[in-house]
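Sequential numbering from 9 applies to the sequence shown in our numbering.
The beta-carbon is built from N, C-alpha and C at its ideal position, and this holds for glycine as well.
For reference, the structure is listed below as structure tokens.
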Amino acid sequence: MPATLITAPPDLRLAELAEANRPAQLPLVTRTAELLAASPAVTHLLVRGSLASGTADRLSDVDFLVGIRDGALPAFISALNDLMAVEAGALLPGWRDSIVVDLGGIGFVFLVPHDGKLHQIDLYLAPASQVPTIRRRVASAILFEREPSETITSQICQARECVAEQRARPKSCTELLIEHLVLAVLLHKRIQRGQRFIAYAEWHLLHTATKDLIKAALAPASRFWGWYQLREEIALTPIGRACLADLEMAVTSPAVPDAVGVDAALDRVIALTKRACPSALDGLHDAVTAYRTYLELA
9 MPATLITAPP DLRLAELAEA NRPAQLPLVT RTAELLAASP AVTHLLVRGS
59 LASGTADRLS DVDFLVGIRD GALPAFISAL NDLMAVEAGA LLPGWRDSIV
109 VDLGGIGFVF LVPHDGKLHQ IDLYLAPASQ VPTIRRRVAS AILFEREPSE
159 TITSQICQAR ECVAEQRARP KSCTELLIEH LVLAVLLHKR IQRGQRFIAY
209 AEWHLLHTAT KDLIKAALAP ASRFWGWYQL REEIALTPIG RACLADLEMA
259 VTSPAVPDAV GVDAALDRVI ALTKRACPSA LDGLHDAVTA YRTYLELA
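This is the structure:
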């Protein structure tokens with residue numbers, strides 16, 4: 009049985025949001041919403057966060073909750089990077105979001121150029137069977153909803169297993185490099201807004217990502233959790249000792265960074281990546297160059 013549209017299409021709902029708060033990011037919201045709603049796998053599309061509440065500023069991210077037919081979730085996740093790169097113009101593959109609250113789905117963060125700036129698009133993909141529960145927990149504005157086909161128990165289990173596997177899968181060196189790039193954008197935003205407590209937390213996340221990158225490159229079979237036995241495992245080679253010196257410089261920096269400190273940390277991480285796991289930059293050289301240009305213009 010074909011899906012039937014049961015709410016207004018995205019353009020009408022977005023017009024309502026625009027009338028309410030006229031966010032500067034509205035063209036980007038519209039373009040992304042139309043792209044996602046065109047997929048037959050998408051059952052729900054909601055805007056949440058500051059854009060939904062009317063409190064957005066020029067730095068606000070575009071925050072979507074995307075309901076996906078349970079049986080289609082694995083394939084949709086597999087195709088998401090290509091979809092966002094080709095159709096939305098995303099600069100880098102999505103970062104698997106480790107900050108967003110667990111709502112039974114999986115979050116991805118994309119950096120998309122728009123109007124001369126680099127904007128953050130957060131896509132939280134949730135199995136359609138979980139969307140009613142999420143909507144009761146999260147304030148949002150619905151843009152699009154279609155009647156999903158009947159979901160059978162095996163598809164619900166498949167979707168849950170897919171989410172669990174995505175969350176448990178170790179991040180590659182490339183993914184950890186992208187994590188640094190996304191966190192640097194977030195930190196610049198916190199600094200411009202004067203959000204020192206959040207900047208402190210995200211600065212620590214960036215240092216942890218640096219540690220994880222070093223371990224993924226030089227001790228991928230480590231038996232130790234977190235920061236334990238780091239020097240004992242890594243400082244066995246000249247490259248390892250150089251990476252630990254970079255990490256030492258990071259963790260002894262001021263607890264709350266300024267913009268210059270964030271940029272310096274990014275320079276160190278890119279140099280560290282070239283030294284310890286240069287293959288992580290394969291295919292990303294042009295994207296990283298463009299990314300840094302956008303940061304300079306911000």
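Item                                                                                                                              : Value
Any 3 or more C-beta pairs closer than 8 Å across the stretch 85-102 and the stretch 145-157                                      : no
Through-space distance from residue 279 to residue 292, alpha-carbon basis                                                        : 14 Å
contact_flag[the stretch 109-119, the stretch 200-213] where n(CB pairs < 8 Å) is 3 or more                                       : no
Alpha helix (DSSP H) runs wholly inside the stretch 138-191, at least 4 long, in chain order                                      : 139-145 and 161-176
Strand pairing of residue 203, partner residues [DSSP]                                                                            : In DSSP, residue 203 forms no bridge with anything.
Among 66, 95 and 289, nearest to residue 188 - alpha-carbon criterion                                                             : 289
Close Cβ partners of residue 194 (< 8 Å) along its chain, the five nearest in sequence each way excluded                          : 128 and 210
Supposed contact pair residue 97 and residue 116 - C-beta distance, whole angstroms, cut 8 Å                                      : Incorrect: roughly 15 Å between the Cβ atoms, too far for contact.
Simplified DSSP state of residue 132, which is helix, strand or coil                                                              : strand
Given residue 45 as reference, the closest of 79, 91, 65 and 69 once Cα atoms are compared                                        : 91
Touch test, the stretch 177-185 against the stretch 245-254, Cβ-Cβ under 8 Å, three pairs minimum                                 : no
Check whether residue 118 and residue 131 have beta carbons under 9 Å apart                                                       : yes
Residue 48 versus 186, 78 and 141, residue with shortest Cα-Cα distance                                                           : 78
Supposed close pair residue 71, residue 55 - CB separation, criterion 8 Å                                                         : 7 Å
Of the residues 136, 120, 284 and 126, the one placed nearest residue 165, counting alpha carbons only                            : 136
Per-residue DSSP class, three states only, for residue 84                                                                         : helix
Rounded C-alpha distance that separates residue 9 from residue 155                                                                : Residue confidence is low: residue 9 scores 34 on pLDDT, short of 50, so the model does not pin down where it sits. Its coordinate-derived value is still stated next. Roughly 10 Å between the two C-alpha positions.
Residue 20, buried or exposed, once every other Cβ within 10 Å from all chains shown has been counted against 16                  : Confidence at residue 20 is low in this model, with a pLDDT of 48, below 50, so the placement of that residue should be treated as unreliable; the coordinate-derived value is given next. The residue is exposed, with fewer than 16 neighbouring Cβ atoms inside 10 Å.
Candidates 139, 160 and 192: closest to residue 150 by CA position                                                                : 139
Span separating the alpha-carbon of residue 26 from that of residue 281                                                           : With a pLDDT of 49 at residue 26, under the threshold of 50, the modelled position of that residue is not reliable, and the figure given next carries that caveat. C-alpha separation (whole angstroms): 42 Å.
Proximity test, residue 290 beta-carbon vs the ligand SAH heavy atom, cut-off 8 Å                                                 : The ligand SAH is not part of the structure shown, which contains no ligands of any sort.
Completely contained alpha helix (DSSP H) runs for the stretch 207-265, where each covers 4 or more residues                      : 238-242 and 246-259
Residue range of the beta strand (DSSP E) that includes residue 56                                                                : 50-56
Contact check, residue 270 vs residue 196, beta carbons under 9 Å                                                                 : yes
Residue closest to residue 263, alpha-carbon to alpha-carbon, out of 186, 242, 215 and 285                                        : 215
Beta-carbon contacts of residue 349 that lie in its chain and below 7 Å, excluding the five residues immediately before and after : Past the boundaries of the shown model lies residue 349; the chain is included only from 9 to 306, so the question cannot be answered.
Separation of residue 33 from residue 221, as counted between CA atoms                                                            : 33 Å
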